[in-house]
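Colleague:
There are 2 protein chains.
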Amino acid sequence: MKGVTIRDVARAADVSVATVSRTLNGIEKVASPTRDHVLKIVHDLDYVPHSGARSLSSKRTDTIGVLLPDLHGEFFSELIRGIDLAARARGLHLLLSSSHGDPAEAAAALRAMRSRVDSIIMMSLTAGNDAVVPAAPVGVPLVLLGGNRKSPGRPSFVIDNYAGAFAITEHLADGGNRQVAFVAGPVDNIDARERLRGYRAALKRAAGAFPEWIIQGDFSEESGREAARTLAAAEPPDAIFCANDMMAIGCLEGLRDAGIAVPGDVALAGFDDIPITRYVNPPLTTAAVPIAEMGRQALECCADVIAGRQVELQHIFKPVLVIRASSAGRS
Amino acid sequence: MKGVTIRDVARAADVSVATVSRTLNGIEKVASPTRDHVLKIVHDLDYVPHSGARSLSSKRTDTIGVLLPDLHGEFFSELIRGIDLAARARGLHLLLSSSHGDPAEAAAALRAMRSRVDSIIMMSLTAGNDAVVPAAPVGVPLVLLGGNRKSPGRPSFVIDNYAGAFAITEHLADGGNRQVAFVAGPVDNIDARERLRGYRAALKRAAGAFPEWIIQGDFSEESGREAARTLAAAEPPDAIFCANDMMAIGCLEGLRDAGIAVPGDVALAGFDDIPITRYVNPPLTTAAVPIAEMGRQALECCADVIAGRQVELQHIFKPVLVIRASSAGRS
DNA sequence: TTGAAAGCGTTACCAC
DNA sequence: GTGGTAACGCTTTCAA
């Protein structure tokens, strides 16, 4: 049962190994009766080609590598789901690797994957990680996910953080909220910086030019809670825009503890639209990013690159403003 | 830069390919100076062994397959996180595949993986899926996750659903709640059935022998919402135990819509302790399963099996009762 | 401690 | 259409 080779099949079917190979790969012509006979034997013997041998001689692995900085939270599970969906549809396998906090680790992971995959989807969240996306080829085509740094010649899929943040800020300011505070993400995070930029631009454009009010956070729930404490200590703003949903959730709790009602006293919004946002009380206004869809397209892109097809280099996903109870107008 | 082989390294280092191989695999003895010299060349040339060729001659892939029924939700992302953590620590790669609703699909996935991995961690949620875990060997060692069906000779990691459900039910009954209703999971799901069994046993043992009250659900949020409607239509019970957290969350919303307060009018509890449970209002009482830890141990088990070490066959994880506000006593 | 050479299971090329 | 047979890049005896 174990270790059935193509020779065993060839022998049993009374044909050459070449014919079996052709039958299985289906590119070249094989006579229909021969084909059927071979397939029957393959099935009877439960023959599965040895992928190592196959990749050795064909130079293909039919596998896509997925390199992520982390696996915590729903963002990544959604992303992987989208990638997996597309991979299954194309008959590709997925080699997953994560937790690459620092560039050195990520570089090592990249090297380790090199010989096992045909292409790699790589997500580098922080600006610091740019170092691991070398200008030089790494051996296999790379498709980039997230971050805004351009890596010339490489397809990249990014979120339009600026536009999303702009829309949220505008919405909060429109809602009759004069003072909109911003809880920022990590300073070395590109997405976070873009969101900050969007906040600033929207404020400037808003009639009346409300002053900026920026609190430093780090994308964590705890930092959101802390921001709430800080904001509650002073004269609270009319609205708070947190650079991601987790901070908004922490902020929500912090405000509740401080006896500040949302949206009664302060309007609140986040960014990402992770599933939890629907369940908190009140449900959170946020900017929805089509995470799974991004993953799906990134994989399709890999497949195209492998096949030698021409691909778009810049794929930008515009977040959709999702208005929920946390920012219900209080005119 | 591309396609550096072991021969290139051997030539550059002026040694035989055998010596390079030995140096890299580190089992047999290589003189220290030779070793260092070879390693330097390997580094300079940025040589990475071809994994296909390696697996062809060594019969190892250093890869573990992970077969999941689905990728939706936090349960799976936690699981993968635990598995990935352990895999990284052991220098193993992870081949991920999911969305195997029906047995035929799962069987195909199993076949496709066979030649690419040294061992497979397989999760089969539903009783129906048992068919895809054949008694016969599948070519590589299998480690089972979830479900209670025994597959003789195969290590399996399961949750003690019975004990968890028993504990929850007991807690709800103890809290001064006379009538405890149960919202069940899919009938063909083993975990769901065990939880039902736990509920029944606990009710029987409770002083006063409260009558059973079972509503059929399917683990979905929507079915929880519907169960709430059904329960609210009659004289509501004192407490509701949903067979998983998602149903409990749906139930919570349904109760709110019906004007029934939790825990004021009805105590509520779920099962799994997915992260969301902490954020809903009120936070949900539930049975916590160490998901990531289960994944970690499953991978360790794979590594042990591959290495030929003896392993325990039955690993049972007892859920921990997590009491939150949704079941706060109302004596 | 090192080198030479025989596989490992496929694919792909070249004849027929 | 089909068969024979070099690669493919590595590990692993077996000798030296």
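First to last, the sequence lines map onto chains A and B.
Count the first sequence with our numbering and you get residues 22 to 352, in order.
Count the second sequence with our numbering and you get residues 22 to 352, in order.
Positions of the beta carbon are idealized from the N, C-alpha and C atoms, including for glycine.
This structure is a prediction, so every number in the text was calculated from the model and none was measured.
1) Taking Cβ-Cβ distances below 8 Å as the criterion, which residues of the region 259-272 of chain A are in contact with chain B?
2) In whole angstroms, give me the CA-to-CA distance for A/TYR68 and B/GLY174.
3) Would you please verify whether the beta carbon of B/ALA74 is less than 8 Å from any beta carbon of chain A?
4) Does DSSP put B/LEU113 in a helix, a strand or coil?
5) Measure the alpha-carbon distance for B/GLY122 versus A/SER118 and round it to whole angstroms.
6) Quick check: the region 287-297 of chain A against the region 314-324 of chain A, are there 3 or more CB pairs under 8 Å?
7) Does B/ARG135 get closer than 8 Å to chain A when you measure Cβ to Cβ?
8) Put B/ALA349 into one of helix, strand or coil per three-state DSSP.
9) In this structure, what does DSSP give as the bridge partners for A/ASN46?
10) Give the DSSP-derived three-state secondary structure of B/ASP294 in the structure shown.
11) For B/LEU131, report the span of its alpha helix (DSSP H) as first-last.
12) Whole-angstrom Cβ separation of B/CYS379 and B/ILE48, contact assumed at under 8 Å?
13) Would B/ASP105 pass as an interface residue toward chain A - the criterion being a Cβ-Cβ separation below 8 Å?
14) Find the nearest neighbour of A/ASP178 within the set A/LYS339, A/ARG345 and A/ALA125, judged by alpha-carbon distance.
15) Reducing DSSP to helix, strand and coil, say where A/PHE96 ends up.
16) With three or more beta-carbon pairs closer than 8 Å as the criterion, would you say the region 75-92 of chain A touches the region 55-62 of chain A?
17) If you follow the beta strand (DSSP E) that A/HIS336 is part of, which residue opens it and which one closes it?
18) Which of the three DSSP states is assigned to B/GLY149 in this structure?
19) Hey, does A/SER145 have any beta-carbon neighbour from chain B nearer than 8 Å?
20) If you draw a straight line from the alpha carbon of A/GLY149 to that of A/GLY160, how long is it in whole angstroms?
21) Take B/ALA152 and list the residues in its own chain whose beta-carbon comes closer than 6 Å to its own, dropping the five residues that flank it on each side.
22) Using 8 Å as the limit for Cβ to Cβ distance, is A/ARG28 near chain B?
23) Note down, in chain order, every chain A residue with its Cβ under 9 Å from the Cβ of B/PRO207.
24) Any beta-carbon of chain A closer than 8 Å to the one on B/ILE312?
25) At the level of alpha carbons, what is the spacing between B/ASP212 and B/GLY245?
26) Is it true that the CB of A/GLY219 sits closer than 8 Å to the CB of A/ASN182?
27) Say whether the region 278-290 of chain A touches the region 254-265 of chain A, bearing in mind that this needs 3 or more beta-carbon pairs closer than 8 Å, one atom from each stretch.
28) State yes or no: is the C-beta of B/LEU45 nearer than 7 Å to some heavy atom of the ligand PLP?
29) Answer with buried or exposed for A/ASN46, where buried requires no fewer than 16 other C-beta atoms within 10 angstroms of its C-beta.
30) For B/VAL209 and A/SER98, what's the separation of their Cα atoms in angstroms?
31) Would a check of beta-carbon distances place B/PRO70 closer than 8 Å to chain A?
32) Can you find a C-beta in chain B that's less than 8 Å from the C-beta of A/LEU92?
33) For the region 286-305 of chain B, list every residue whose C-beta sits within 7 Å of some C-beta in chain A, in sequence order.
34) Output the distance between the C-alpha atoms of B/MET22 and B/LEU66, rounded to the nearest integer angstrom.
35) At a Cβ cut of 8 Å, what residues of the region 94-123 of chain B count as close to chain A, listed as they run along the chain?
36) Taking DSSP's pairing of strands, which residues face A/CYS356 in a bridge?
Modeller: By the coordinates alone:
1) Along the region 259-272 of chain A, going in chain order, the ones with a CB nearer than 8 Å to a CB of chain B are ILE270.
2) Pairing A/TYR68 with B/GLY174, the inter-Cα distance amounts to about 24 Å.
3) Interface residue, yes.
4) Coil at B/LEU113, not helix or strand.
5) The straight-line gap from Cα to Cα measures roughly 25 Å.
6) Verdict: no, contact absent.
7) Closer than 8 Å to some Cβ of chain A, the Cβ of B/ARG135 qualifies, so yes.
8) Reduced to three states, the DSSP call for B/ALA349 is coil.
9) A/ASN46 is not bridged to any residue.
10) Here B/ASP294 sits in coil by DSSP.
11) Looking at the DSSP string, the run of the alpha helix (DSSP H) that includes B/LEU131 is 124-135.
12) With chain B covering only 22 through 352, there is no way to say anything about residue 379 of chain B.
13) Proximity of B/ASP105 to chain A, defined by a Cβ-Cβ separation below 8 Å, is satisfied.
14) The sequence shown places Phe at residue 178 of chain A, not Asp. The residue from A/LYS339, A/ARG345 and A/ALA125 with its alpha-carbon nearest to that of A/PHE178 is A/LYS339.
15) Here A/PHE96 carries a helix assignment [DSSP, helix/strand/coil].
16) No: fewer than three Cβ pairs fall under 8 Å.
17) Where A/HIS336 is concerned, the enclosing beta strand (DSSP E) stretches over 335-338.
18) With a pLDDT of 49 at B/GLY149, under the threshold of 50, the modelled position of this residue cannot be trusted; read the value that follows with caution. Judged by DSSP in its simplified three-state form, B/GLY149 adopts helix.
19) No, A/SER145 does not count as interfacial toward chain B.
20) Residue placement at A/GLY149 is poorly supported in this model, since its pLDDT is 49, which falls under 50; the coordinates are not used for a value here.
21) Low confidence applies to B/ALA152: its pLDDT is 47, below 50, so where it sits in the model is not reliable, and the reading given next is rough at best. Same-chain partners within the cutoff: PRO124.
22) So, not an interface residue.
23) B/PRO207 does not reach chain A, its nearest Cβ partner there being about 21 Å away, counting only Cβ pairs nearer than 9 Å.
24) Taking a beta-carbon distance threshold of 8 Å, B/ILE312 does not count as an interface residue toward chain A.
25) Put simply, the backbone Cα of B/ASP212 is about 17 Å away from that of B/GLY245.
26) The Cβ-Cβ distance between A/ASN182 and A/GLY219 falls below 8 Å.
27) In this structure the region 278-290 of chain A lies against the region 254-265 of chain A, because at least three pairs of beta carbons, one per stretch, are closer than 8 Å.
28) The ligand content of the structure shown is nil, which means the ligand PLP is not present either.
29) Per the 10 Å Cβ criterion, exposed.
30) Position check: residue 209 of chain B holds Asp in this sequence, whereas Val was assumed. Approximately 26 Å between the Cα atoms of the pair.
31) Yes, contact with chain A.
32) Closer than 8 Å: yes.
33) Under the 7 Å Cβ criterion, the region 286-305 of chain B contributes ILE297, TYR300, VAL301 and ASN302.
34) Interpretation of B/MET22 is limited by its pLDDT of 48, a score under 50 that renders its predicted location unreliable; the figure taken from the coordinates is listed afterwards. Distance from the CA of B/MET22 to the CA of B/LEU66, rounded to the nearest whole angstrom, comes to 8 Å.
35) Legend: CB atoms of the region 94-123 of chain B lying less than 8 Å from CB atoms of chain A belong to residues GLY94, GLU95, PHE97, SER98, ILE101, ARG102, ASP105, LEU106, ARG109, HIS114, LEU115, LEU116, LEU117, SER118, SER119 and SER120.
36) No answer is possible for residue 356 of chain A: it lies beyond the span of chain A, which begins at 22 and ends at 352.
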